[in-house]
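Peer 1:
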Amino acid sequence: MTSKDKYNQDIIRMFFVESREMLVNGEELLLDIEKGGGDKELLDALFRTVHTIKGSAGMFDFTDIEDFTHIVENILDDVRNEKISIDSNMISLLLDCNDHISNLLSFSENPDNSSLSLDENLTKTDIYLRDQLNQYFSSDKIKKIDNSKHKKEDPAEETDEGNGEKVLNECWHISIRFGENLFRSGLDPQSFISYLKGLGDIKGIVTLPDALPSLEEMDSESCYFGLEIDFKGNITKEEIEDVFEFMRDDCEIKILPPKSNISDYVQLIFDLPESAPRIGEILQEIGTLTESELEKALDLQKKANSLIKKDEPSKLLGDILLEEKIVQKPVLDAALEKQERIKGIDDKSKKTIRVDAQKLDNLINLVGELVITSANIKQLSEKNGDADIVGAVSVMSRLIEDIRDSTMNVRMVQIGETFKRFERVVRDLSRDRGKNIKLVISGGETELDKTLIEKITDPLMHLVRNAIDHGIGSSEERLLQGKPERGSILLNAYHETGSIVIEVKDDGEGLNREKIFAKAVDKELIKADQNISDNDLFQLIFEPGFSTAGEVTNISGRGVGMDVVKRNIESLRGSVVLNTIEGEGTTIRIHLPLTLAIIDGFMVEVGDFSYVLPLDIVTECTDISKEDIGKEGGNFINLRGEVLPFMRLRDFFGEEGDAPEIEKIVVIESSQKKAGLVVDRLIGEFQTVVKPLGKIFSSLDWISGSTILGTGDVALILDVSRIIKHMQQVSI
1201 MTSKDKYNQD IIRMFFVESR EMLVNGEELL LDIEKGGGDK ELLDALFRTV
1251 HTIKGSAGMF DFTDIEDFTH IVENILDDVR NEKISIDSNM ISLLLDCNDH
1301 ISNLLSFSEN PDNSSLSLDE NLTKTDIYLR DQLNQYFSSD KIKKIDNSKH
1351 KKEDPAEETD EGNGEKVLNE CWHISIRFGE NLFRSGLDPQ SFISYLKGLG
1401 DIKGIVTLPD ALPSLEEMDS ESCYFGLEID FKGNITKEEI EDVFEFMRDD
1451 CEIKILPPKS NISDYVQLIF DLPESAPRIG EILQEIGTLT ESELEKALDL
1501 QKKANSLIKK DEPSKLLGDI LLEEKIVQKP VLDAALEKQE RIKGIDDKSK
1551 KTIRVDAQKL DNLINLVGEL VITSANIKQL SEKNGDADIV GAVSVMSRLI
1601 EDIRDSTMNV RMVQIGETFK RFERVVRDLS RDRGKNIKLV ISGGETELDK
1651 TLIEKITDPL MHLVRNAIDH GIGSSEERLL QGKPERGSIL LNAYHETGSI
1701 VIEVKDDGEG LNREKIFAKA VDKELIKADQ NISDNDLFQL IFEPGFSTAG
1751 EVTNISGRGV GMDVVKRNIE SLRGSVVLNT IEGEGTTIRI HLPLTLAIID
1801 GFMVEVGDFS YVLPLDIVTE CTDISKEDIG KEGGNFINLR GEVLPFMRLR
1851 DFFGEEGDAP EIEKIVVIES SQKKAGLVVD RLIGEFQTVV KPLGKIFSSL
1901 DWISGSTILG TGDVALILDV SRIIKHMQQV SI
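Reminder that position 568 of the sequence shown reads as 1768 in my numbering, one-by-one numbering, no gaps.
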């Protein structure tokens, strides 16, 4: 039996989920390193990411992943230690390695591949990348990084005080973080500590349980703790390393000799586990501050604060430590910085929890059923007429509405993480096309339903690719036009009238009217002598097979893309608006609902049928008579001096029977366009649980879904954007 068989499948599945998250983070770090020129903190974070994937893969016996990531880890370790310089070519190679690790994860995740070796394509890629990585280990490839260009402010470097000054400590300091798989390997930390005692004197030892999970999540076979040890003995560093030789692969061990430089202790502070000890405890853990010194400092702080007047600030422990010369300023500054960083991490971790997506979907479905049942109870209570029951049901309905809103908020995620994925796309494709393009992200904190974010990624990919290939020219062309050498693509998101707007904007060539007009005539979409507005002409680029590209590339030119964008967005009850100025650039705005599951609706009736409109697009309702409808002629009315196109839903859906003498007109606004829908009756606001229609109803272009009423009847949800588009075409 392999070690994988010993693990619960849920844990293995979590390994794949977390590894992919780390790969996404690793890609972002690589792109940030390329921009920042090898920032040490970013390099350390990248190293930890690869190291974690390697260690976790080894725990589950995914040897292909473990072996490959071990090579990448060694390269990154040399980069961190300034043995190898990192440049754009290495970044490209490491990005390819990142992709390969992702493919290895996908291969290993398939249970059918558990006893198989890598397939041919993976093997070829693996061999090629290993060969490229191994070249960096040759002597002619080793170069020192010039830190003078990217000097990072660090407490150990920014002052002469910390560079060569020694910490007054006669002990070796040993920092150990045991691997989670230590016990399963048959190793016992106590035996190593006992052996160390035989070589000298352990002056102090602190157990660090920071990685200890909750009782429900704890695995009795896993190791979760680390140790900080002050050891005194006439011994070499190599001899101490030999003590822990058998656990080196599963542990992280750092050893500082007696009277080490302050800078070494500063670095150790930043390498401490992510806990939140007080400043004194941090210094005590690493052996810089003894327990007696800490007690002395706390006593001095207490006495000093007792002498302070009421309006004066309290004396901080750090200030006292400096005044009494118990600790050096660089170490103190590093500890304070570490403490602030830890606090931020802990605050974030306390506010987040990982939830299986399927459980969340089930919760949304149950809340939806609760909303439907609540509507049924409300109707029955109103029919019964008991005032007490009606009042109680009203309170219950408000609570259910709050539950609905809170539950929907759980599914809302920031779109910034999705935007950041396109940094790699812009980098690689612009380099492939010989262009200099940057990606600018704005509004990343805007929240959108998780389901929508997943479905909007592909349309955004098409738009970004088109902006690179068609929109932005080469550096030479831009300079001739008086533009900056480097082009830019802006991804922006913001809320607007109950919906979300996502913009993809470039500062490139803009759309060429003559070229698009000629292509439209060639495809017989319009006539050569037809008078067509710019807006209507540019909308033709969303037609299937429409492309003005002079050549087919690996990015675009086949006429596939923009029609897919429009179709996918409309399937999400959204719309696309395009604005362009020739020579200045193009902006494409995608309007989407905030969520697909439960919406606030406005119900109307036409004949014997009920229809629902999204409440956020309804601006007003008013009466309208048959005389008002026929007064202006055509499909327009004068609404307080504003020309408003309208459509009678009774005629549109072919309802039989006579309309009421006084009908109602509902004024709607979508994508900055207004229109009116004439209905028989207004029912009012309605909490709408959106139910998808089956394939048999896929041809109903004007319907985006359905909902179940409290009576058990079905009401159809109207696709407002398509209805408005139809009204515009009829009105031309």
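Positions of the beta carbon are idealized from the N, C-alpha and C atoms, including for glycine.
1. Can you check whether the CB of K1895 is closer than 7 angstroms to the CB of S1906?
2. If you compare alpha carbons, which of R1767, F1738 and Y1811 is closest to T1787?
3. At a cut of 8 angstroms, does the stretch 1329 to 1338 reach the stretch 1264 to 1275 through at least three beta carbon pairs?
4. CB-CB under 6 angstroms to L1813, same chain, minus the five flanking residues each way: which ones, in chain order?
5. Across which residues does DSSP place V1879 in a beta bridge pair?
6. In the DSSP output, which residue or residues are listed as bridge partners for M1847?
7. Can you give the Cα-Cα distance for E1617 and R1598, rounded to whole angstroms?
8. May I ask you to verify whether the stretch 1602 to 1622 touches the stretch 1670 to 1681, counting CB pairs closer than 8 angstroms and requiring at least 3?
9. Give the single residue among G1258, K1240, L1294 and M1290 whose Cα lies nearest to the Cα of E1282.
10. Express the C-alpha separation of I1700 and V1664 in angstroms, rounding to a whole number.
11. Suppose you measure from the CA of Q1614 to the CA of L1648; what does that come to, to the nearest Å?
12. Need the endpoints of the beta strand (DSSP E) that A1915 sits in, please.
13. Check R1773 in the structure and name its three-state DSSP category.
14. Please classify T1249: is it buried, with 16 or more other beta-carbons within 10 angstroms of its beta-carbon, or exposed?
15. What residue range does the alpha helix (DSSP H) around C1297 cover?
16. Just reading off the alpha helix (DSSP H) that T1607 is part of, what are its end residues?
17. Here's a check: name, in chain order, each residue in its chain whose Cβ is nearer than 8 angstroms to the Cβ of C1451, leaving out the five neighbours to either side.
18. Beta-carbon within less than 6 angstroms of L1304's beta-carbon, same chain only, minus the 5 sequence neighbours each way: which residues are those?
19. In terms of alpha-carbon separation, which member of I1455, R1448 and C1423 lies closest to T1436?
20. So for V1217, helix, strand or coil by DSSP?
21. On a Cα-Cα basis, can you pick out the residue from N1835, Y1395, L1427 and R1384 that is closest to D1419?
22. A1720 and I1689: beta carbons closer than 7 angstroms?
23. Can you check which of these residues, V1806, Q1390, N1369 and M1612, is closest to L1652 by C-alpha distance?
24. Which residues bound the beta strand (DSSP E) around M1259?
25. Below 8 angstroms CB to CB, which residues in the same chain sit around E1782 once its five sequence neighbours on both sides are set aside?
26. Among the candidates L1295, L1242 and Q1209, whose CA atom is the shortest distance from the CA of R1624?
27. What separation, rounded to the nearest whole angstrom, lies between the Cα atoms of S1810 and D1588?
28. Starting from the C-beta of C1297, find all residues in its chain whose C-beta is less than 8 angstroms away, skip the five residues before and the five after it, and write them out in chain order.
29. Whole angstroms are fine: how far does the CA of N1731 sit from the CA of F1897?
30. Is the beta carbon of G1876 less than 7 angstroms from the beta carbon of L1844?
31. By the three-class DSSP mapping on this structure, what secondary structure does A1418 have?
32. For S1581, which of S1594, I1868, I1603 and P1793 has the nearest alpha-carbon?
33. Taking R1773 and S1899 to be in contact with their CB atoms under 8 angstroms, please state how far apart those CB atoms are, rounded to whole angstroms.
34. Apply the 10 Å Cβ neighbour rule to S1870 and answer buried if 16 or more other Cβ atoms are within range, or exposed otherwise.
35. Nearest to K1459 by CA position, among R1448, S1317, W1372 and I1923, is which residue?
36. Among F1260, G1226, K1254 and M1259, which residue has its Cα nearest to the Cα of D1244?
Peer 2: So, from the listed chains and residues:
1. On the sequence shown, position 706 is the one that residue 1906 refers to. On the sequence shown, position 695 is the one that residue 1895 refers to. Going by C-beta atoms, S1906 is not nearer than 7 angstroms to K1895.
2. On the sequence shown, residue 1787 is found 587 positions in, with the first residue counted as 1. It is F1738 whose Cα lies nearest to the Cα of T1787.
3. yes
4. Residue numbering aside, residue 1813 sits at position 613 when the sequence shown is read from its first letter. So the list reads F1802 and L1918, once near-sequence residues are dropped.
5. Here residue 1879 refers to the residue found at position 679 when the sequence shown is read from its first residue. Note: V1879 sits in a beta bridge opposite K1864.
6. Start at 1 with the first residue of the sequence shown, and residue 1847 comes out as number 647. In the DSSP output, where bridge partners are listed per residue, M1847 has L1877.
7. Position 417 of the sequence shown, counted from the first residue, corresponds to residue 1617. Position 398 of the sequence shown, counted from the first residue, corresponds to residue 1598. Approximately 34 angstroms, taken between the alpha carbons.
8. no
9. Here residue 1282 is taken as the residue at index 82 of the sequence shown, counted from 1. Looking at the Cα atoms, K1240 is the closest of the given residues.
10. The sequence position of residue 1664 within the sequence shown is 464, counting from 1. The sequence position of residue 1700 within the sequence shown is 500, counting from 1. One C-alpha to the other measures close to 19 angstroms.
11. Taking the first residue of the sequence shown as position 1, residue 1614 is located at position 414. Taking the first residue of the sequence shown as position 1, residue 1648 is located at position 448. Rounded to the nearest angstrom, the two C-alpha atoms are 6 angstroms apart.
12. In the sequence shown, residue 1915 corresponds to position 715, counting from 1. Element bounds for A1915: V1914 to L1918.
13. As a position in the sequence shown, residue 1773 is number 573, starting the count at 1. R1773: coil per DSSP, three-state reduction.
14. To locate residue 1249, count along the sequence shown from 1; it is residue 49. T1249 is buried by the Cβ-count criterion.
15. As a first step, residue 1297 must be located in the sequence shown, where it is residue number 97. Segment S1288 to E1309, the alpha helix (DSSP H) holding C1297.
16. For the purposes of this step, residue 1607 is taken as residue 407 along the sequence shown, with counting starting at 1. Here the alpha helix (DSSP H) through T1607 covers A1587 to V1610.
17. Here residue 1451 corresponds to residue number 251 of the sequence shown, with the count starting at 1. Closer than 8 angstroms at Cβ, skipping near neighbours: I1376, R1377, F1378, G1379, L1382 and F1444.
18. By one-based count along the sequence shown, residue 1304 stands at place 104. Excluding sequence neighbours, L1304 sits near D1264 and I1265.
19. Residue mapping note: residue 1436 aligns to position 236 of the sequence shown, counting from 1. The residue with the shortest Cα to Cα distance from T1436 is I1455.
20. Position 17 of the sequence shown, counting from 1, holds the residue named residue 1217. V1217 falls in the helix class under three-state DSSP.
21. Looking up residue 1419 in the sequence shown gives position 219. Comparing Cα-Cα distances from D1419 to each of N1835, Y1395, L1427 and R1384, the minimum goes to R1384.
22. Translated into the one-based positions of the sequence shown, residue 1720 becomes position 520. Translated into the one-based positions of the sequence shown, residue 1689 becomes position 489. It is not a contact, given that the beta carbons lie outside the stated cut-off.
23. Here residue 1652 corresponds to residue number 452 of the sequence shown, with the count starting at 1. Looking at the Cα atoms, M1612 is the closest of the given residues.
24. Position 59 of the sequence shown, counted from the first residue, corresponds to residue 1259. From DSSP, M1259 is part of no beta strand (DSSP E) but of the alpha helix (DSSP H) over K1240 to M1259.
25. Looking up residue 1782 in the sequence shown gives position 582. Cβ within range, chain order: E1709, G1710, L1711, N1712 and R1713.
26. Counted from its first residue, the sequence shown places residue 1624 at position 424. Per the Cα distances, L1295.
27. As a working note, residue 1810 is residue 610 in the sequence shown. As a working note, residue 1588 is residue 388 in the sequence shown. Looking at the two C-alpha atoms, the distance is approximately 29 angstroms.
28. Here residue 1297 refers to the residue found at position 97 when the sequence shown is read from its first residue. Hits under 8 angstroms: F1268, V1272, L1329 and L1333.
29. Sequence index remark: in the sequence shown, residue 1897 carries index 697 (1-based). Sequence index remark: in the sequence shown, residue 1731 carries index 531 (1-based). Going from the Cα of F1897 to the Cα of N1731 covers about 37 angstroms.
30. For this step, residue 1876 is matched to residue 676 along the sequence shown. For this step, residue 1844 is matched to residue 644 along the sequence shown. In this structure, L1844 lies closer than 7 angstroms to G1876 by Cβ.
31. Taking the first residue of the sequence shown as position 1, residue 1418 is located at position 218. Correcting the residue type first, residue 1418 is Met in the shown sequence and not Ala. In the structure shown, M1418 sits in coil (DSSP, three-state: anything other than H, G, I, E or B).
32. For the purposes of this step, residue 1581 is identified with residue 381 of the sequence shown, where counting begins at 1. It is S1594 whose Cα lies nearest to the Cα of S1581.
33. Sequence index remark: in the sequence shown, residue 1773 carries index 573 (1-based). Sequence index remark: in the sequence shown, residue 1899 carries index 699 (1-based). In fact, because the Cβ distance is near 17 angstroms, the residues do not count as touching under 8 angstroms.
34. Counting from 1 along the sequence shown, the entry for residue 1870 is found at position 670. S1870 should be labelled buried.
35. Within the sequence shown, numbered from 1, the residue matching residue 1459 stands at position 259. When only C-alpha atoms are compared, the closest one is W1372.
36. Locating residue 1244 in the sequence shown gives position 44, counting from the first residue. It is G1226.
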